[in-house]
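Let me begin by presenting the structure, written as structure tokens, before commenting on it.
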Amino acid sequence: MSQPVVHIVDDDDSVREALSRVLRYAGFDARAYASAVEFLVAERDDAPSCIVLDVGLPGMSGVELQAAIGRRESTPPIIFLTGRGDVATSVRAMKAGAVDFLTKPVDRKALLTAVNVALACDAERRHRRDEIRDVRERFDRLTSREREVFAEVVRGKLNKQIAEAFGTSIRTVKAHRAQVMAKMEAGSLAELVSVAGRLETAQRATSQGPP
Amino acid sequence: MYVDTDRAAYAPGRQRAEPRGYGFQLFVLVFAGYYLGTRIGLALTFLPNPISVLWPPNAILFAALLVVPHRLWWAVIAAALPAHLLAELQGGVPIAMVLCWFVSNMTEALIGAACVRLLVREPLTFEALRDVSAFLFAAFVATFASSFLDSGFVALNHWGRSAYWDTWRVRLLSNFTASLTFVPLIVTFRRLNLAQLGAVKRSQSVEAAALLVGLLGVTLAVFDSGIAASVAPALIYLPLPFLLWAALRFGPAGASAAFATVAICVIWGTGHGLGPLGMRLPAENALSVQLFLIFVGPALLCLAAALAERARAQRSLLLSDRRFQLVLQATKDSVYERDVATDALWWSGNGLAQFGYAADNAPGNFASTVEMLHPDDRERTIRTRAGAVDNGDPLWEAEFRLRRPDGTYAHVHEQGLIVRDAGRRPLQMIATLTDVTERHDADEFSQRLAQASRLTAIGELTASIAHEINQPMSAILSNVDAAEMLLDAGDQGSSELRRVLDDIRSDDLRASEIIQHIRGLAKKRKTEVEQFDINDLIRAVLRLVGPTVKQRGVALDTDLKRVPLVRADRIHVQQVLLNLLFNGMDAMSTTPDGERALHITTSQIDMMTVEVRVRDRGHGVPPDQLDRIFDSFFTTKKNGMGLGLSITRSLLQTHGGAIRAENNGDAGATFRFTLPTVERRGDAPPDTPRRSG
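Chains as they are written, first to last, in the numbering used here: chain Y, 13 to 223; chain W, 967 to 1659.
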């Protein structure tokens, strides 16, 4: 597996270079950007990653960048750096989902701890995301009738009730139900319900945007 | 004791308007002089041979040309012509010969006068050796050249029986003698004016009369009587003491008058076969007389001129000494003169009175002056003085504190000159001590004021400063961490580790540079004028102010044109910019968030001036207060001291700059200030910045 990526966005050349060094020596793939715009236009692969972001960037500020990228589905966790202990900004940033808020100068221990926490968050986020993607892929394989049957099944309806509701035979419903179980890769009704729960969460996330 | 008229009054370019009737007077004088001269010339002819010993008309003409402005030379010639015709035609000379003689006489006078005019730019006075030698040269050249012409005319007209060269020689000698006798007389007497003669003291008149009597008595006795016949020729020296007396006591005018008197007496007596020179044939006698006069005349004129020069030099020395004494009395400054070899000090009249010491109680040598200096200034002052002596500098300057008798200290400016011999060895040190305590205190006050305003600016910049220093500190900490990690990983001094250490060093320097910069702003300091690019300075200030500006929600943009280097004190200009930026931001405190903006531009006004504009979008300045905002203690701010803009203006004025304010058409105000470029040297020279009040 490749090294986790840490994106560093800071307009100060020396600070940027020094932070990259520490992270590189700590075994990360450190990638540095001098401005928010530079970060936004850069190509990023789908590796485990986090962002170390300076609050006081010229042009688009760190908080503005956070707001901009937060809307995307695959936003890595953000660690903010600030020159001064600005409480208002830090509260705003943390509310917007920042993992940590570090004050410069930042020592290695604090930085690496924060990065590790952020990467753990990222791993969790990625895991969740993969799972959701998986469930959705399975769901996408269902025919519309199967989806209807799926919905009724997880609501706890019996085959007979479903057959009555759709005006078909119980045998047909059984066949659909078997298809749903197979396509959704559920071994039992309990598993199917749990998959449905995750699917619902994912759909809500897609329709409503990020939390 | 001769009378001296001001040479400058005759200086070229300062033409004196001739009084009414001057032309007529000139005509009459020249006519009469020329006519009389001719008659005298004829009278002094040695009979029975028609040899004239002295031919005055040419000399009179020569003298007339010398004393009138050259635009009137035609008038002199016009007056001489009728006199010439009248005198000559009486003698029965053919008209052609008469006219020829007029031409040769004219030629002589014109050559002589032109020659003098070329050699001596100012009017001839016979009061300088240069005048006398120019005159002798001109007179000789004129007679020498014109005699060829004259002899030619005589031969052409078949007049007389003399050979060409005899005529030439006779004319040369007689005309040269005449020039010697009459030109100095006329020129010097013409320069005396009646008012001055009227002011002559009785003792001088008596002396002049005694001289005249003595001179006439001796000359007549020797040359015009039979007395001397037995003891000749030694007696010809008898008039000499009187001639010397005249030169010594009555200057060039007296000498030439005495000489003319002797000349006429000698010629007349000798012509009559009297005196030591009248004992041979008329032609030989004539030659003797001429040579005698030609030897004595120039020597006498030279002597009188040399004496006059000397008297003038003495008088100007006396005058300058008196002026110097007056200057010393007028100023309170102390002046000392130090003999380098003996270390002896001589003080001007006041001594150190200006500092409260008794006038006769000034220190006698350098060592004792050093004891009067403030202990902190001693070494520096000694070094400055000794350095100037050792480096071969002609001048030195020092500033030090001098103890007064009451124990307080005066700030003193010492300005000195080192006198050296031909081998550049120092002989004397001459210096003035000026009390600059008041000026010093005023400077100190304005420096404190400027510093106070800078401290205020620094206070407002705290956020910026913290950020600017925090960045390198932050990079340093991370780099130290990085280095530790490399070492932990078993690094033994790789190039990577070195790079990390290099970065630590440069960030450390960057932090200390910023601290220096702030310290520079905070320090109380003297003005240091240098050349720099105003745009660089603006960028540096904006970097410092940037975070503060952003924090206050102000948009900043610049339009910095390429401009020549300016000449000023960097810190002062930074202060000016900071004051204006903060002023602009304060003015925009009530401006809505998105509209706050500062716009900074630079431009070149002309070769010698660069302008910087700071434009804000604040509340502007009430029009009736536009000309008062730069006054001290005038403020529109609730808690302002009213010193910022007044200090800003005084800082700019120190460097020959200016500032004004105007309201923008839309919103806010624009402050424009100018600074001199390196091209302009006039009003703010590099070494001596003008002091601000």
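Cβ coordinates follow ideal geometry from the N, Cα and C atoms, glycine included.
Owing to the predicted nature of the structure, the values given are computational and were not obtained by experimental measurement.
With the cut-off set at 8 Å, would you say residue i and residue j are in Cβ contact?
| i | j | result |
| --- | --- | --- |
| Val1576 of chain W | Leu1641 of chain W | yes |
| Ala1441 of chain W | Ser200 of chain Y | no |
| Phe40 of chain Y | Gln78 of chain Y | no |
| Ala1307 of chain W | Ala1094 of chain W | no |
| Val34 of chain Y | Ser61 of chain Y | no |
| Val67 of chain Y | Ile20 of chain Y | no |
| Val147 of chain Y | Ala105 of chain Y | no |
| Trp1039 of chain W | Glu1054 of chain W | no |
| Phe1103 of chain W | Leu1085 of chain W | yes |
| Val1402 of chain W | His1377 of chain W | yes |
| Ala100 of chain Y | Leu114 of chain Y | no |
| Ala1624 of chain W | Ala1635 of chain W | no |
| Ile1500 of chain W | Thr1567 of chain W | no |
| Thr1236 of chain W | Leu1182 of chain W | no |
| Ala1223 of chain W | Phe1208 of chain W | no |
Check for me: the alpha helix (DSSP H) holding residue i runs from which residue to which?
| i | result |
| --- | --- |
| His1433 of chain W | 1428-1454 |
| Met1574 of chain W | Where Met1574 of chain W is concerned, there is no enclosing alpha helix (DSSP H), given that its DSSP letter is neither H nor E. |
| Met1551 of chain W | 1536-1553 |
| Gly1256 of chain W | Reading off the sequence, residue 1256 of chain W comes out as Gln, not Gly. Counting along the chain, the alpha helix (DSSP H) containing Gln1256 of chain W begins and ends at 1248-1296. |
| Gly1183 of chain W | 1168-1189 |
| Arg159 of chain Y | 156-166 |
| Leu1611 of chain W | 1610-1620 |
| His19 of chain Y | Segment 17-21 is the beta strand (DSSP E) holding His19 of chain Y; no alpha helix (DSSP H) there. |
| Thr115 of chain Y | Note, Thr115 of chain Y: premise wrong, no alpha helix (DSSP H); beta strand (DSSP E) at 112-115. |
| Pro1150 of chain W | 1130-1157 |
| Gln1458 of chain W | It is not in any alpha helix (DSSP H) - Gln1458 of chain W carries neither H nor E in the DSSP assignment. |
| Phe178 of chain Y | 171-178 |
| Gly1353 of chain W | 1341-1357 |
For residue i, count the other beta carbons within 10 Å of its own beta carbon; 16 or more makes it buried, fewer makes it exposed. Which is it?
| i | result |
| --- | --- |
| Ile1061 of chain W | exposed |
| Asp24 of chain Y | buried |
| Arg1246 of chain W | exposed |
| Asp22 of chain Y | buried |
| Asp1447 of chain W | buried |
| Val1580 of chain W | buried |
| Arg1304 of chain W | buried |
| Val1262 of chain W | buried |
| Ile1233 of chain W | buried |
| Asn1436 of chain W | buried |
| Gly221 of chain Y | Note on Gly221 of chain Y: pLDDT 41, under 50, position unreliable in the model; the coordinate value appears next. Gly221 of chain Y is exposed by the Cβ-count criterion. |
| His1621 of chain W | buried |
| Thr1374 of chain W | exposed |
| Arg980 of chain W | Low local confidence applies: a pLDDT of 41 at Arg980 of chain W is under 50, so the model's placement there is unreliable, and no value is given. |
| Leu1020 of chain W | buried |
| Gly1610 of chain W | buried |
Who does residue i pair with in a DSSP beta bridge?
| i | result |
| --- | --- |
| Arg120 of chain Y | Answer is none; Arg120 of chain Y lacks a bridge partner. |
| Asn1629 of chain W | W:Ala1635 |
| Phe1321 of chain W | DSSP lists no partner for Phe1321 of chain W. |
| Met1072 of chain W | For Met1072 of chain W, which the question treats as bridged, DSSP gives no partner whatsoever. |
| Arg1464 of chain W | Answer is none; Arg1464 of chain W lacks a bridge partner. |
| Gly1382 of chain W | W:Trp1362, W:Ala1397 |
| Arg1533 of chain W | W:Gln1497 |
| Trp1313 of chain W | W:Tyr1302 |
| Thr1011 of chain W | W:Ser1018 |
| Arg1581 of chain W | W:His1565, W:Thr1636 |
Along the chain, where does the beta strand (DSSP E) containing residue i start, and where does it finish?
| i | result |
| --- | --- |
| Ser61 of chain Y | 61-66 |
| Arg1369 of chain W | 1361-1369 |
| Phe40 of chain Y | Note, Phe40 of chain Y: premise wrong, no beta strand (DSSP E); not H, not E. |
| Asp1523 of chain W | 1521-1526 |
| Phe92 of chain Y | 90-94 |
| Phe1092 of chain W | Taken as a continuous stretch (DSSP letters only), Phe1092 of chain W belongs to no beta strand (DSSP E), as it is neither H nor E. |
> Which residues, in chain order, does the stretch 1416-1443 of chain W contribute to contact with chain Y at a C-beta distance below 8 Å?
Replying inline: Ala1429, Ala1432, His1433, Asn1436, Gln1437, Pro1438, Met1439, Ser1440, Ala1441, Ile1442, Leu1443
> Closer than 8 Å, Cβ to any Cβ of chain Y: which residues of the stretch 1623-1642 of chain W, in chain order?
Replying inline: none
> Given a limit of 8 Å on CB to CB distance, which residues of the stretch 1448-1479 of chain W reach chain Y?
Replying inline: Ala1448, Glu1450, Met1451, Leu1452, Ala1455, Val1466, Asp1469, Ser1472, Asp1473, Arg1476
> For the stretch 110-122 of chain Y, which residues have a beta carbon sitting closer than 8 Å to at least one beta carbon of chain W?
Replying inline: Lys116, Pro117, Val118, Asp119, Arg120
>> At a CB distance below 9 Å, what residues from the stretch 1487-1515 of chain W approach chain A? Give them in sequence order.
In response: Chain labels in this structure do not include chain A; the protein chains are Y and W.
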